[in-house]
Amino acid sequence: MMNEITLLRPDDWHLHLRDGEMLAAVCGHSSHFGRAIIMPNLVPPVVTGQQAADYRDRINAALPKNVTLRPLMTLYLTETTDPADVLRAHRDGVISAVKLYPAGATTNSASGVRDFDKVRPVFEAMAEAGIPLCVHGEVTDPEIDIFDREAVFIDRVLDPVRRKNPGLRVVMEHITTSDGVDYVGAGDDIAATITTHHLVINRNHILVGGIKPHYYCLPVAKRESHRLALRRAATSGDPRFFLGTDSAPHPDTAKESPCGCAGCFTAPNTMSILAHVFEEDGALDRLEGFASRNGPAFYRLPVNGDRIRLVKRDTPAEYPAKITTGAETVTVFDPGFPLYWHVEDPA
Ligand code: DOR
Ligand code: ZN
Numbered sequence: 171m172m173n174e175i176t177l178l179r180p181d182d183w184h185l186h187l188r189d190g191e192m193l194a195a196v197c198g199h200s201s202h203f204g205r206a207i208i209m210p211n212l213v214p215p216v217v218t219g220q221q222a223a224d225y226r227d228r229i230n231a232a233l234p235k236n237v238t239l240r241p242l243m244t245l246y247l248t249e250t251t252d253p254a255d256v257l258r259a260h261r262d263g264v265i266s267a268v269k270l271y272p273a274g275a276t277t278n279s280a281s282g283v284r285d286f287d288k289v290r291p292v293f294e295a296m297a298e299a300g301i302p303l304c305v306h307g308e309v310t311d312p313e314i315d316i317f318d319r320e321a322v323f324i325d326r327v328l329d330p331v332r333r334k335n336p337g338l339r340v341v342m343e344h345i346t347t348s349d350g351v352d353y354v355g356a357g358d359d360i361a362a363t364i365t366t367h368h369l370v371i372n373r374n375h376i377l378v379g380g381i382k383p384h385y386y387c388l389p390v391a392k393r394e395s396h397r398l399a400l401r402r403a404a405t406s407g408d409p410r411f412f413l414g415t416d417s418a419p420h421p422d423t424a425k426e427s428p429c430g431c432a433g434c435f436t437a438p439n440t441m442s443i444l445a446h447v448f449e450e451d452g453a454l455d456r457l458e459g460f461a462s463r464n465g466p467a468f469y470r471l472p473v474n475g476d477r478i479r480l481v482k483r484d485t486p487a488e489y490p491a492k493i494t495t496g497a498e499t500v501t502v503f504d505p506g507f508p509l510y511w512h513v514e515d516p517a
């Protein structure tokens, strides 16, 4: 039995750090990651290269001195995004990707895209320059059942967009269905991130025995067969699948509410949970691919130069149930099982 494993330092290819007090409270919890793709859905959103550079500077100023996390910035795509600004920001090393939120799909997505023809010039410029498009893959049509929104998005939006824009490199973010796994697994110029929590919970965790707001996120967790498809994809070794935690902190008062918002805060315990999951599936030797190698390969970046060590001990690793930000608390994702894998950083 393997009780210890060293990994190239992992990266998080989808992370919400927020701003202000929340940023200060959460950013240190991603300390085991070398780099993170930072989501731009602030209020107001990060829509220009200058705003991305300013946000990057605020993140770097907020990071604790001993944390080496490097933020990789993204722009929030709107129907008025200027292709020249995207190209400039990418050329200057300010941004690593552009994020597409269908308007209304999730938290702070009101300025997202309604008419995909309006963003064709941006897609063309991105395809030419090889800039990845990170996609929140859910339709927003009120007639579509929330559990079907990812599958319908693939048929109605994602596949047509990819056909019309050959060469556009797409990351389908936080996939939650076997439909997403199958679509990505069959394609070129496409990859997918998978979150830690979607490898652990299905929709019963949210709804059985009382409603559990801290398991509610978007895309919402689906039925068990989909969770198992995600587990197979993550542990398969297929380089198209890699870690994007979508760690998305919200104050407890906003989650534990009659209209609770979406997001699971998994940054603190993600690596311990992933080690548990990959061991359970007999795939510990593939964790490095998923967490440390496949992401940089898709983003055309080198892997990180140092390592972390994961050690399985007799007593569980301890993580706080909540962290504090100003007068608020944020609940840390509870996987529902003890975490015997401890992170030793540096290795
Ligand atoms: O659960 C989610 N929370 N999904 C998203 O797409 C956005 C995120 C957030 O910003 O809170
Ligand atoms: Zn997200």
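The working numbering applies: residue 171 is where the sequence shown begins, and numbers increase by one. Virtual Cβ for every residue (Gly too), placed ideally from N, Cα, C.
| Query | Result |
| --- | --- |
| Cutoff 7 Å; reference Met172; Cβ partners in own chain excluding five residues on either side | Leu454 |
| beta-carbon Gly357 near the ligand DOR non-hydrogen atom, thresh 7 Å | no |
| Met209 CB to nearest heavy atom of the ligand ZN below 7 Å | yes |
| Neighbour-count burial assignment, Glu308, 16 or more Cβ in a 10 Å radius | buried |
| Inter-residue spacing [alpha-carbon to alpha-carbon] between Lys425 and Pro490 | 18 Å |
| Beta strand (DSSP E) runs wholly inside the region 448-516, at least 3 long, in chain order | 477-482, 492-495, 498-501 and 511-514 |
| Beta-carbon separation (whole angstroms), Asp476 vs Arg179, contact threshold 8 Å | 5 Å |
| Cys304 in three-state terms, based on DSSP | strand |
| Option nearest Gly190 by Cα separation, candidates Phe203, Tyr385, Asn230 and Pro291 | Asn230 |
| Reduced DSSP category for Thr244 - H, G, I as helix; E, B as strand; rest coil | strand |
| Own chain partners of Val289 with C-beta closer than 7 Å, once the 5 adjacent residues on each side are dropped | Leu247, Glu249, Thr251 and Val283 |
| Continuous beta strand (DSSP E) assignments of at least 3 residues falling wholly in the region 285-370 | 303-305, 340-342 and 360-364 |
| Contact belief for Leu303 with Val268 at Cβ below 8 Å, rounded distance in angstroms | 6 Å |
| Environment of Asp408 [buried if 16+ CB atoms lie within 10 Å] | buried |
| Sequence-distant residues of its chain with Cβ nearer than 6 Å to Arg397 (five each side left out) | Asn372 |
| Ala418 CB to nearest heavy atom of the ligand ZN below 7 Å | yes |
| Pick from Val264, Gly300 and Val351 that is closest to Arg339, judged by C-alpha positions | Gly300 |
| Residues sharing a beta bridge with Ile265, DSSP | Met243 |
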